[in-house]
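Just so you know, the protein sequences line up as chains A and B, in that order. The first sequence begins at 166 in the numbering used here and counts up one residue at a time. The second sequence begins at 166 in the numbering used here and counts up one residue at a time. In what follows, a single structure is set out as structure tokens and then discussed.
2 protein chains.
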Amino acid sequence: MVELSPASSRRRADEILTSVRQMCDPLLREAVTSLPDPLCLMGGYHFGWWDVTGAPTLAASGKSLRPALTVCAAVACGAAPHTALSAAAAVELVHNFTLLHDDIMDADRARRGRPTVWTVWGTADAMLLGDALHALAVRVLVTDLPTHIATSAVARLERAVIEMCRGQHEDCLFGNGRRAHVADYARMAMGKTGSLMGCACALGALCAKADVATVAAMDTFGRELGMAFQFVDDLMGIWGDPAVTGKPADDLTHRHMSLPVVAALDSGTSAARELATMYRTASVDAARAAALVESAGGRQWTQQHAEQRVREAIAALSDPIAAEDLVALAHLASRRDK
Amino acid sequence: MVELSPASSRRRADEILTSVRQMCDPLLREAVTSLPDPLCLMGGYHFGWWDVTGAPTLAASGKSLRPALTVCAAVACGAAPHTALSAAAAVELVHNFTLLHDDIMDADRARRGRPTVWTVWGTADAMLLGDALHALAVRVLVTDLPTHIATSAVARLERAVIEMCRGQHEDCLFGNGRRAHVADYARMAMGKTGSLMGCACALGALCAKADVATVAAMDTFGRELGMAFQFVDDLMGIWGDPAVTGKPADDLTHRHMSLPVVAALDSGTSAARELATMYRTASVDAARAAALVESAGGRQWTQQHAEQRVREAIAALSDPIAAEDLVALAHLASRRDK
């Protein structure tokens, strides 16, 4: 295939994300506005449509990467984009349900440049909104999809939810400076991020009535891409610009065992030993820790492995030319800055 | 119909609960043990099968009222009990998902005579276990039921979850001495308790391939019974014996707006005024408050309305003779002590 230049690949990926967001938005709004108040208000706030009073805002929405994966997977399997929109919306609802719950567990106060739902309405209401979005996601699938596709899609989605719960549990363990190795980290990231991205792609293939092998290949593609995405997320948790990402780059302050840290600690260097000592104390000097991670090779290792995962994702595709848009999304995952 | 005496109705209800628990237990265990650790361990602890280390215990399980409603509704519609067992297990899984989350929100430290999951493993893991049980419930339905029944059942179950989220939100509002009236209370209780009991019965009818009118009638039966159940729960929250119920009778201490309190406050008596004053202060004398609720008529009013709801539940049944076991369960709901 003729590979796009990084700049045109990036442009293409941005076009896809914008276009899928526009296609999915009405379905998401229909689902969320069907909720009883105040869950409806909180949901619209969380998705960036409204302020805390329900007045329309121009706040940033999510990237819509997962719905884009679902739609592009369906297209790569020969279906029209609209056949996969309900599945795309369901995946986005599940993603947001987990964000709401994770923000409580991780005590994260900002998302997309705004206070998180739990800081505005309290943890109980944020938990309930998450539970309600989970329910909505499943309802969208069984209401909108043909029966036999719906049941397969629901089974896959709930399997992904359970894997995400396992991954988030492991991530919480890593959150307090507890030692983790690269293999532990990879297992966690596959659960926390890979599983839903794999599911997003598999659901697109299911909606396109693809055969079992193709659905499995799409799942693998999404999982590998999800790993790359998580690795880059971890880089941004240290070196990201909060004005661009919408959230603070405070992973080191919180002694989070993100991949650059884990890789640095596994490096056997003197920087690794200094970093390990620092992580055992209650307060971490973030600038010094970042320099140590970098000099121990953790930053470069993480970036290289993100790119390796993208190559593996693309290798899983039986026909990367037909899946050109998926390839553009995969490259975006390893080269993004937000 | 020849009505059973209260004692034989009670005996029959206990037999049904025991028998359904035995039938459902393998399905529940199969579902929970499919979870990755530590969610599996926490799930088995929550269901009363194991202690915190995973060793078998003889701890009390739940009453299994909801699964019994599902199975008895299917039987009342002419089906064999086993046709509804998966639906019964799914309803029980959803019920337990909401218990896990509610215990966190309400800061309840004891359930079924043991420490709640969040007090043992922390709130993050308890949230994750709740999310995972929600996912398992849906997965059981789409895996075990015929496709066309599965999608209807899932849609109903998720509708009930959303109603429960709304009800729990309202219940949290009533939790801090904030004034509520009987109509507010009834709306909350229908969401929090009525919706899932209605769904439990409707799913039983769906599994029995009942017609739309019968499914709707079963939903009404379950909702009315659920209201009665919640009213009696509120009586036990003040006058229950913790040794029998497995949880403290501390609703008044926490200034909870339970139905006996709401009814007492709406009575216009001098006891109501004294109770209202007491509820506005930070510390409530539980014994004095209980006496005031009783002398304002709140206790009697609640018991009478529980019985009224049971009559309305039974009136919704097209053939109470065929539904004899449902009638026994309905009477149990208004006469139980745990």
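Backbone N, C-alpha and C define an ideal beta-carbon position, used for all residues, glycine too. Everything numeric in this text was worked out from a predicted model, so none of it was measured.
Residue i classed as buried or exposed, judged by whether at least 16 other C-beta atoms fall within 10 angstroms
i        : result
A/Ile403 : buried
A/Ala493 : buried
A/Gln465 : exposed
A/Val307 : buried
B/Glu180 : exposed
B/Pro232 : buried
B/His334 : buried
A/Gly433 : exposed
A/Leu223 : exposed
B/Thr235 : buried
A/Thr288 : buried
A/Val240 : buried
B/Asp490 : buried
B/Ser499 : buried
B/Ala447 : exposed
A/Ser435 : exposed
Bridge-paired residues (DSSP) for residue i
i        : result
A/Ala275 : A/Pro280
B/Pro221 : B/Trp215
For residue j and residue i, the rounded distance between their alpha carbons
i        : j        : result
B/Leu258 : B/Arg420 : 30 Å
A/Tyr210 : B/Gly332 : 21 Å
B/Ala495 : A/Arg277 : 49 Å
B/Arg177 : B/Pro191 : 23 Å
B/Val507 : A/Ala375 : It is not possible to answer for residue 507 of chain B, since the shown part of chain B is limited to 166 through 503.
A/Leu440 : B/Arg194 : 44 Å
B/Ala291 : A/Ala480 : 39 Å
B/Lys213 : A/Ala244 : Rather than Lys, the amino acid found at residue 213 of chain B in this sequence is Gly. Looking at the two C-alpha atoms, the distance is approximately 48 Å.
A/Pro280 : A/Arg274 : 6 Å
A/Leu293 : B/Pro171 : 39 Å
B/Val303 : A/Leu457 : 46 Å
B/Thr316 : B/Val475 : 30 Å
A/Ala414 : A/Met401 : 7 Å
B/Lys228 : B/Leu182 : 7 Å
A/Ser360 : A/Cys189 : 21 Å
B/Asp309 : B/Gly387 : 23 Å
B/Trp215 : B/Gly208 : 9 Å
B/Ala365 : B/Ala429 : 32 Å
A/Thr418 : A/His266 : 22 Å
B/Ile314 : B/Ala367 : 12 Å
A/Met166 : A/Gln468 : Note on A/Met166: pLDDT 47, under 50, position unreliable in the model; the coordinate value appears next. The straight-line gap from Cα to Cα measures roughly 25 Å.
A/Met392 : A/Ala220 : 37 Å
B/Ser483 : A/Asp349 : 58 Å
B/Phe394 : B/Glu472 : 10 Å
B/Pro311 : B/Ala320 : 14 Å
A/Arg445 : B/Leu390 : 56 Å
A/Met270 : A/Cys337 : 8 Å
A/Val409 : A/Arg324 : 33 Å
B/Thr442 : B/Glu477 : 35 Å
Residue i versus the options, residue with shortest Cα-Cα distance
i        : options                                   : result
A/Val197 : A/Arg274, A/Cys330 and A/Ala255           : A/Ala255
B/Met329 : B/Thr312, B/Ser499, B/His346 and B/Gly356 : B/Gly356
A/Ala437 : A/Pro311, A/Ser423 and A/Ser460           : A/Ser460
A/Gly369 : A/Leu338, A/Thr385 and A/Cys242           : A/Cys242
B/Ile486 : B/Ala238, B/Pro246, B/Arg324 and B/Gly295 : B/Ala238
A/Leu250 : A/Val449, A/Ala318, A/Ala451 and A/Met392 : A/Ala318
A/Leu322 : A/Met362, A/Leu206 and A/Asp216           : A/Met362
B/Asp431 : B/Gln187, B/Val326, B/Ala272 and B/His346 : B/His346
B/Gly463 : B/Glu477, B/Glu489 and B/Val397           : B/Val397
B/Leu206 : B/Thr248, B/Val282 and B/Arg453           : B/Val282
A/Ile327 : A/Phe262, A/Ala451, A/Thr385 and A/Met383 : A/Phe262
A/Arg352 : B/Pro201, B/Val185 and B/Arg186           : B/Pro201
B/Asp502 : B/Ala455, B/Asp271, B/Arg445 and B/Gly411 : B/Gly411
A/Ala454 : A/Ala447, A/Val426 and A/Glu472           : A/Val426
B/Thr218 : B/Val285, B/Val377 and B/Thr442           : B/Val285
B/His247 : B/Ser173, B/Gln473 and B/Cys372           : B/Cys372
B/Ala252 : B/Ala478, B/Asp271 and B/Val305           : B/Val305
A/Pro203 : A/Ala325, A/Ser435, A/Gly295 and A/Asp450 : A/Gly295
A/Thr358 : A/His299, A/Leu230 and A/Ala300           : A/Leu230
Within-9 Å CB hit, residue i to chain E
i        : result
B/Val285 : In the displayed structure, chain E is absent; the protein chains listed are A and B.
Where the stretch 180-207 of chain A meets chain B: residues whose CB sits under 9 Å from a CB there: Ser199, Leu200, Pro201, Asp202, Pro203 and Leu204
So if I threshold CB-CB distances at 9 Å, which residues from the stretch 321-332 of chain A count as touching chain B? Leu322, Glu323, Arg324, Ala325, Val326, Ile327, Glu328, Met329, Cys330 and Arg331
Compile a chain-ordered list of the residues in the stretch 460-475 of chain B whose CB is closer than 8 Å to at least one CB of chain A. none
Identify each residue in the stretch 293-311 of chain A for which the Cβ-Cβ distance to at least one residue of chain B is less than 9 Å, and report them in chain order. Leu293, Leu294, Gly295, Asp296, Ala297, His299, Ala300, Leu301, Ala302, Val303, Arg304, Leu306, Val307, Thr308 and Leu310
Which residues, in order along the stretch 348-368 of chain B, keep a beta-carbon less than 9 Å from a beta-carbon of chain A? Gly356
Members of the stretch 433-457 of chain B near chain A, C-beta cut-off 8 Å: none
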